[in-house]
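Engineer:
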């Protein structure tokens, strides 16, 4: 479970980071920030996909998936993704694009990182709950 959480959580954080850097490169975090306000929501797809793919792999490897195992795996993926994402966004607002912070509502890069961490964990909890309920094995089938 830990290996899977590290893999999918890291892939999720990397995808969000790459998407953010692409937005920066095409001006969505600068001269065309009004577009970036909307395209930033695309990055929500990556952590959702990471949780779903991790649960799918877990179900395949275990021969089934219980709700509790799905929740554990999904939340573990979300923790890894959120922590790495918070570190990336702290670097983004302090090193990569420090001028962009002036346009956001966050008072500091640390506050922005905490926002990323908390919102990522909240999203992960919601997605893990829904995905675990939808992907769980029938109750008649024993699952380890």
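Residue numbers (my numbering): 273 to 416.
C-beta: ideal position from N, C-alpha, C; glycine also.
Closer than 7 Å by C-beta to residue 337: which residues in its own chain qualify, once you throw out the five before and the five after it? Chain order, please.
Structural biologist: Here the question's residue 337 lines up with position 65 in the chain shown. Once the five neighbours on either side are set aside, the close Cβ partners of residue 337 are 327, 330, 331, 407, 408, 409, 415.
Engineer: According to DSSP, is residue 338 part of a helix, a strand, or is it coil?
Structural biologist: Locating residue 338 in the chain shown gives position 66, counting from the first residue. It is coil, neither helix nor strand.
Engineer: Comparing C-alpha positions only, which one of 315, 379, 351 sits nearest to residue 277?
Structural biologist: Walking along the chain shown from the start, residue 277 turns up at place 5. Checked all of 315, 379, 351; the closest Cα to residue 277 is 351.
Engineer: For the alpha helix (DSSP H) holding residue 396, just list the boundary residues, first then last.
Structural biologist: By one-based count along the chain shown, residue 396 stands at place 124. Residue range 381-407 is occupied by the alpha helix (DSSP H) that includes residue 396.
Engineer: Please classify residue 297 as buried or exposed, where buried requires at least 16 other C-beta atoms within 10 Å of its C-beta.
Structural biologist: Against the chain shown, residue 297 aligns to sequence position 25. By the 16-neighbour rule on beta-carbons within 10 angstroms, residue 297 is exposed.
Engineer: Counting only the same chain and skipping the five closest in sequence on each side, list residues whose C-beta sits under 6 Å from that of residue 389.
Structural biologist: In the chain shown, the residue the question calls residue 389 occupies position 117. Around residue 389: 354, 358.
Engineer: From which residue to which residue does the alpha helix (DSSP H) around residue 290 run?
Structural biologist: For the purposes of this step, residue 290 is taken as the residue at position 18 of the chain shown. Run containing residue 290: 274-297, per the alpha helix (DSSP H) assignment.
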